[in-house]
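A.B. asks: Shown below is the structure under consideration.
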Amino acid sequence: MTPLELRASLSLASLYAFRMLGLFLILPVFAVHAHTLPGGDDALLVGLVLGIYSLTQGLLQLPFGMASDRLGRKPVIVFGLVLFALGSLVAANATDIAWTIVGRALQGTGAISAAVTACIVDLTRDSQRTKAMALVGASIGLTFALSLVVAPLLYAWVGMAGLFHLTGALAILGIAIVLFAVPPLHVPAHPLAADGTRLERTRFREVALDSELVRLNVGIFALHMVQMAMFVVLPAWLVERAQLPLADHWKVYLPVVAASFVLMVPPIAWGERAGRLRAVVLASIALILVAQLGYAAQPVGVWTFAVLLLVFFAAFNVLEATVPSMVSRLAPPDVKGTALGLYNTVQALGLFAGGALGGWASSRFGGVAVFVLCAGVMAVWFVVAMGARRWPQPGGRAAAAH
């Protein structure tokens with residue numbers, strides 16, 4: 011990476027980290043805190059507090075991405091962070107579960123993921139894109155693992171209102187990062203040809219119906235559906251089958267997530283250098299499929315669970331870095347924000363579907379059925395990915411599959 015690319019990648023990855031830390035800190039402790047709020051004994055409302063954020067995110071990722079193509083990345087990102095900070099303030103001052111839901115929904119309206127990813131695209135070369143996406147993925151994963159450790163401690167110290175105030179402060183810090191740390195960039199109001207003449211803007215339907223982008227969107231839906239569905243069952247199985255108390259789960263999650271980011275680097279580097287992203291992506295899908303089948307076999311013991319979880323997260327992180335990079339490299343240049351907005355919308359829908367279908371399968375057929383379902387979803391993605399005809403190559407080329 012050039013110094014500019016490194017600065018852009020690190021600043022935008024830190025922006026993701028600060029914002030996601032503000033989100034993740036709530037998840038491990040809110041279900042307990044809810045019982046202190048009027049209406050907090052209703053499990054449906056508690057679930058709505060946790061899930062409404064993803065719903066509003068999913069609805070607004072595409073509009074924010076499209077706006078960033080026309081208005082510029084930084085103004086859209088700053089506006090989204092302001093909304094997130096306002097939502098944090100509402101939630102911090104909520105006196106019942108209903109106002110907490112309102113605050114969380116307002117937090118979710120700051121749907122900046124597509125604009126941030128498009129900003130990374132604008133500031134990095136194709137050959138360095140996946141590295142930049144990997145830095146973002148690493149920041150999110152490590153932030154999630156860290157939140158599992160520090161959230162209970164912070165909650166005991168400052169309470170839920172303090173945690174929401176902290177999320178707002180982190181959003182304000184994110185605005186400062188955007189304004190002063192992220193390198194300047196310019197998105198032209200109209201697409202231009204190499205000779206400077208104005209081109210017609212790509213239509214939305216051309217992006218939405220592009221067969222290669224559709225394959226990638228199917229993939230990210232499958233990946234995040236599986237991620238959410240498996241965690242409907244996994245925490246309970248760690249208690250029941252691995253004999254690991256809930257309070258000690260971070261002792262598995264933290265080292266596994268950290269190790270998975272070390273393991274993701276060699277395949278990504280090799281795939282980019284050798285032009286073999288197709289092999290890396292297909293192998294990663296297959297590894298997640300194997301991990302799901304391993305869990306479906308009802309393993310016992312902490313080490314077995316940890317190894318399967320390491321296989322899952324290592325492959326998950328590779329795909330989390332390569333798939334958005336591929337979307338940005340295969341999308342038309344003038345609508346990359348739109349393409350990434352659609353990608354992030356489908357990603358959010360995958361999280362929602364994973365929670366819903368995972369809960370349904372577990373309640374109707376048991377935990378094994380959830381992992382069988384996840385294995386089936388990954389098998390479908392493998393077949394869909396096998397049919398792809400264009401794969402990004404070194405130097406920004408998109409070559410046909412052999």
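According to our numbering, the residues represented by the sequence shown are 11 to 412, in order.
The beta-carbon is built from N, C-alpha and C at its ideal position, and this holds for glycine as well.
Can you check which of these residues, V262, Q308, A279 and P13, is closest to V159 by C-alpha distance?
C.D. replies: Of the candidates V262, Q308, A279 and P13, the one whose C-alpha sits nearest the C-alpha of V159 is V262.
A.B. asks: From G75 to G351, what does the alpha carbon distance come to, in whole angstroms?
C.D. replies: Distance between the alpha carbons of G75 and G351 is about 5 Å.
A.B. asks: Does DSSP put R399 in a helix, in a strand, or in coil?
C.D. replies: R399 falls in the coil class under three-state DSSP.
A.B. asks: Could you check the C-alpha separation between N304 and A239 for me, to the nearest Å?
C.D. replies: It should be noted that the sequence gives Gly, not Asn, for residue 304. Taking the straight line joining both Cα atoms gives about 15 Å.
A.B. asks: The alpha helix (DSSP H) with P85 in it runs from where to where?
C.D. replies: Counting along the chain, the alpha helix (DSSP H) containing P85 begins and ends at R83 to A102.
A.B. asks: In whole angstroms, what is the alpha-carbon distance linking A124 and A77?
C.D. replies: Looking at the two C-alpha atoms, the distance is approximately 10 Å.
A.B. asks: Give the secondary structure of Q253 by DSSP, where H, G and I count as helix, E and B as strand, and everything else as coil.
C.D. replies: Coil at Q253, not helix or strand.
A.B. asks: Is DSSP giving I150 helix, strand or coil here?
C.D. replies: Helix at I150.
A.B. asks: Might you give, ordered along the chain, the residues of its own chain that have their beta carbon closer than 6 Å to the beta carbon of G360, omitting 5 neighbours on each side?
C.D. replies: Only F231, H234 and M235 meet the Cβ criterion.
A.B. asks: Closest to R339 by C-alpha separation, out of L320, L145 and S137, would be which residue?
C.D. replies: Ranking the options by Cα distance to R339, first place goes to S137.
A.B. asks: With G360 as the anchor, note down where its alpha helix (DSSP H) starts and where it stops.
C.D. replies: Residues K346 to F375.
A.B. asks: Quick one: give me the first and last residue of the alpha helix (DSSP H) that V291 is part of.
C.D. replies: Looking at the DSSP string, the run of the alpha helix (DSSP H) that includes V291 is L287 to A306.
A.B. asks: Please state if the CB of R374 and the CB of P193 are separated by a distance shorter than 9 Å.
C.D. replies: No. Outside cutoff.
A.B. asks: One question on the structure: do A246 and G113 come within less than 9 Å of each other, judged by their Cβ atoms?
C.D. replies: No. Outside cutoff.
A.B. asks: Tell me the DSSP secondary structure of A268 in three-state form.
C.D. replies: Helix.
A.B. asks: Compare the C-alpha of V321 against each of P162, F271 and G369 and name the closest.
C.D. replies: Nearest option by C-alpha distance: F271.
A.B. asks: Does the segment 141-149 come into contact with the segment 323-335, if we say contact requires no fewer than three beta-carbon pairs (one atom in each stretch) closer than 8 Å?
C.D. replies: Yes, the segment 141-149 is in contact with the segment 323-335.
A.B. asks: Return the CA-CA distance between G362 and G61, expressed in angstroms with no decimal places.
C.D. replies: Checking the sequence, you will find Phe at residue 362 rather than Gly. F362 and G61: Cα-Cα distance of roughly 8 Å.
A.B. asks: For the alpha helix (DSSP H) that contains V126, what are its first and last residues?
C.D. replies: First-last of the alpha helix (DSSP H) with V126: S123 to L133.
A.B. asks: So, with DSSP's three-state summary, where would you put H445?
C.D. replies: The chain is shown only over 11 to 412; residue 445 falls outside these bounds and no answer can be derived.
A.B. asks: Could you spell out the range, first to last residue, of the alpha helix (DSSP H) harbouring V192?
C.D. replies: Looking at the DSSP string, V192 is not in any alpha helix (DSSP H), and its letter there is neither H nor E.
A.B. asks: Hey, out of H259, R288, A325 and L183, whose CA is closest to W416's CA?
C.D. replies: A question about residue 416 goes unanswered here, because the residues of the chain that appear run from 11 up to 412.
A.B. asks: Rounded to whole angstroms, what's the CA-CA distance from A121 to A269? Just pull it up for me.
C.D. replies: Distance between the alpha carbons of A121 and A269 is about 30 Å.
A.B. asks: Kindly indicate which residue of L287, L47, G347 and G229 has the alpha-carbon position closest to the one of I298.
C.D. replies: The option with the nearest alpha carbon to I298 is G229.
A.B. asks: Between the segment 163-180 and the segment 25-35, do at least 3 Cβ pairs fall closer than 8 Å?
C.D. replies: Verdict: yes, contact present.
A.B. asks: Just the Cα atoms here: how many angstroms apart are A306 and L93?
C.D. replies: Distance between the alpha carbons of A306 and L93: 42 Å.
A.B. asks: Under the assumption that L254 contacts M396 (Cβ atoms under 8 Å), give the Cβ distance between them as a whole number of angstroms.
C.D. replies: 37 Å between Cβ atoms; not a contact.
A.B. asks: Any idea what DSSP makes of A341, helix, strand or coil?
C.D. replies: Correct three-state label for A341: coil.
A.B. asks: Suppose you measure from the CA of G90 to the CA of T119; what does that come to, to the nearest Å?
C.D. replies: In a straight line, the C-alpha of G90 is about 7 Å away from that of T119.
A.B. asks: Can you give the Cα-Cα distance for A44 and A257, rounded to whole angstroms?
C.D. replies: Straight-line Cα distance between these residues: approximately 19 Å.
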